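*Asks:*
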């Protein structure tokens, strides 16, 4: 269900630690409901593809990740 709800945070640094905290915030804010997916559209920054981040997504199948084309980021 598209609600238009936006979750955002600004951080001084853009490392995987900060990104994982942001993902945790999203995970805690949006209640898990059967059949409801969360779609994230991201650029190809290495932070978004770090092993710890990939592991985080692997444990949470309701998150669907979409990367923009490299030339479009």
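Residue numbers (our numbering): 91 to 163. Backbone N, C-alpha and C define an ideal beta-carbon position, used for all residues, glycine too. Just so it is clear, the structure is predicted and the values come from calculations on it, not from any experiment.
1. Expressed to the nearest angstrom, what Euclidean distance is found between the alpha-carbon atoms of residue 161 and residue 140?
2. Which partner residues does residue 130 have in the DSSP bridge list?
3. So residue 152 packs on residue 128, CB below 8 Å; how close in whole Å?
*Replies:* Taking the geometry as given:
1. 20 Å
2. 155
3. 6 Å
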